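**Q**
In our numbering, the protein residues as written are 1 to 226.
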């Protein structure tokens, strides 16, 4: 189930965004710098590894492919040999599928452990990347709307539609993006627990922030991958 919610009225005239390189040092977990006065963390989280493997890496499709190969091989071999021998012929395909699935799950686990999603009362922040770590700072004035896709388990993905001149590289931010939206990349909190509650926190924080008389979109130590 996917629902859409607005971050609130947006005024970008006169706003500026500053981008700087991130350093391998975190004075606050998931953030590249100390929180400025008046800013506080509302929520932090990370993807669920198994759900991330299924949604972003196609784990179910890969396992299903090797199951079909196994069934095909057993079926072909059963016409030429006994059923026991045919089953033995299918084992290598099954083992290969388990290895491939294990590798995908390992990649998803590494990605999840290196990721920190953060909501503050002023911005969305994403520390992402396993080999090349970077931090994305997205002030609420850069976000027009958000969408949340929920599952029965409560896990879900929240995507953020960027407005104005803000641009992100799809390849550099994958898998923390909305799939297949490459022309206008939409960063995302992928496969997070209790996604409905997190979406509500985001909506309320964005509405409050954008209702303030004056909003300056200058965030230090921000990284935009182009």
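For every residue, glycine included, the Cβ atom is placed at its ideal position computed from N, Cα and C.
Computed from a prediction, not measured in an experiment: that's the story for all the values here.
How far does the alpha helix (DSSP H) with residue 62 in it reach, from first residue to last?
**A** Sequence index remark: in the chain shown, residue 62 carries index 62 (1-based). Element bounds for residue 62: 59-78.
**Q** Locate the alpha helix (DSSP H) running through residue 161, then write down its first and last residues.
**A** Within the chain shown, numbered from 1, the residue matching residue 161 stands at position 161. From DSSP, residue 161 is part of no alpha helix (DSSP H) but of the beta strand (DSSP E) over 156-162.
**Q** On the DSSP bridge assignment, give the partners of residue 137 in chain order.
**A** Sequence index remark: in the chain shown, residue 137 carries index 137 (1-based). Looking at the DSSP assignment, residue 137 forms a beta bridge with 125.
**Q** Alpha carbon to alpha carbon, how far is residue 39 from residue 139?
**A** Sequence index remark: in the chain shown, residue 39 carries index 39 (1-based). Sequence index remark: in the chain shown, residue 139 carries index 139 (1-based). For residue 39 and residue 139, the distance between alpha carbons rounds to 12 Å.
**Q** Could you pull the start and end residues of the alpha helix (DSSP H) that residue 208 belongs to?
**A** Taking the first residue of the chain shown as 1, we reach residue 208 at position 208. Unbroken alpha helix (DSSP H) run through residue 208: 195-210.
**Q** Nearest by alpha-carbon distance to residue 94: which of 72, 78 and 106 is it?
**A** Looking up residue 94 in the chain shown gives position 94. Looking at the Cα atoms, 72 is the closest of the given residues.
**Q** If I'm right that residue 195 touches residue 156 with Cβ under 8 Å, what's the distance once you round it to whole angstroms?
**A** Counted from its first residue, the chain shown places residue 195 at position 195. Counted from its first residue, the chain shown places residue 156 at position 156. Correct: roughly 3 Å between the Cβ atoms.
**Q** Bridge partners for residue 120 per DSSP, in chain order?
**A** Here the question's residue 120 lines up with position 120 in the chain shown. DSSP output for residue 120 lists 41 as bridge partner(s).
**Q** Could you tell me the distance, in whole angstroms, from the CA atom of residue 14 to the CA atom of residue 57?
**A** Position 14 of the chain shown, counted from the first residue, corresponds to residue 14. Position 57 of the chain shown, counted from the first residue, corresponds to residue 57. Residue placement at residue 14 is flagged as unreliable, the pLDDT there being 34, under the threshold of 50; the coordinate-derived value follows with that caveat. Roughly 40 Å between the two C-alpha positions.
**Q** In this structure, what does DSSP give as the bridge partners for residue 187?
**A** Within the chain shown, numbered from 1, the residue matching residue 187 stands at position 187. 177.
**Q** Measure the CB-CB distance between residue 112 and residue 49 and report whether it falls below 7 Å.
**A** Mapped onto the chain shown, residue 112 falls at position 112. Mapped onto the chain shown, residue 49 falls at position 49. Closer than 7 Å, so yes.
**Q** What first and last residue would you give for the alpha helix (DSSP H) that runs through residue 30?
**A** Looking up residue 30 in the chain shown gives position 30. Per DSSP, residue 30 belongs to no alpha helix (DSSP H) and is neither H nor E.
**Q** Quick check on this structure: which residue in 104, 173 and 208 has the alpha carbon closest to the alpha carbon of residue 60?
**A** Here residue 60 corresponds to residue number 60 of the chain shown, with the count starting at 1. The shortest Cα separation from residue 60 among 104, 173 and 208 belongs to 104.
**Q** From residue 83 to residue 97, what distance separates their C-alpha atoms?
**A** Here the question's residue 83 lines up with position 83 in the chain shown. Here the question's residue 97 lines up with position 97 in the chain shown. C-alpha separation (whole angstroms): 21 Å.
**Q** Less than 7 Å separating the beta-carbons of residue 202 and residue 117?
**A** Counting from one through the chain shown, the residue named residue 202 turns up at place 202. Counting from one through the chain shown, the residue named residue 117 turns up at place 117. Going by C-beta atoms, residue 202 is not nearer than 7 Å to residue 117.
**Q** Quick one: using the 10 Å Cβ neighbour count with 16 as the cut-off for buried, is residue 136 buried or exposed?
**A** Along the chain shown, one-based indexing puts residue 136 at 136. Answer is buried; the Cβ neighbour count reaches 16.
**Q** Note the first and the last residue of the continuous alpha helix (DSSP H) segment covering residue 52.
**A** Reading the chain shown from its first residue, position 52 is the one you call residue 52. 49-56 is the span of the alpha helix (DSSP H), which, as asked, contains residue 52.
**Q** Less than 7 Å separating the beta-carbons of residue 159 and residue 184?
**A** Position 159 of the chain shown holds residue 159. Position 184 of the chain shown holds residue 184. No. Outside cutoff.
**Q** Report yes if the C-beta distance between residue 148 and residue 199 is below 7 Å; otherwise report no.
**A** In the chain shown, the residue the question calls residue 148 occupies position 148. In the chain shown, the residue the question calls residue 199 occupies position 199. The answer is yes: Cβ separation under 7 Å.
**Q** Between 44, 106, 63 and 86, which lies nearest to residue 193 when the distance is taken from Cα to Cα?
**A** Taking the first residue of the chain shown as 1, we reach residue 193 at position 193. Closest by alpha carbon: 44.
**Q** Apart from the five residues on each side of it in sequence, which residues of its chain come closer than 7 Å, Cβ to Cβ, to residue 36?
**A** Within the chain shown, numbered from 1, the residue matching residue 36 stands at position 36. Hits under 7 Å: none found.
**Q** Can you pull the DSSP bridge partners for residue 99?
**A** Looking up residue 99 in the chain shown gives position 99. For residue 99, which the question treats as bridged, DSSP gives no partner whatsoever.
**Q** Quick one, which of 81, 197, 162 and 41 has its alpha-carbon nearest residue 146's?
**A** Locating residue 146 in the chain shown gives position 146, where the first residue counts as 1. Selected option, being the one with the closest Cα: 162.
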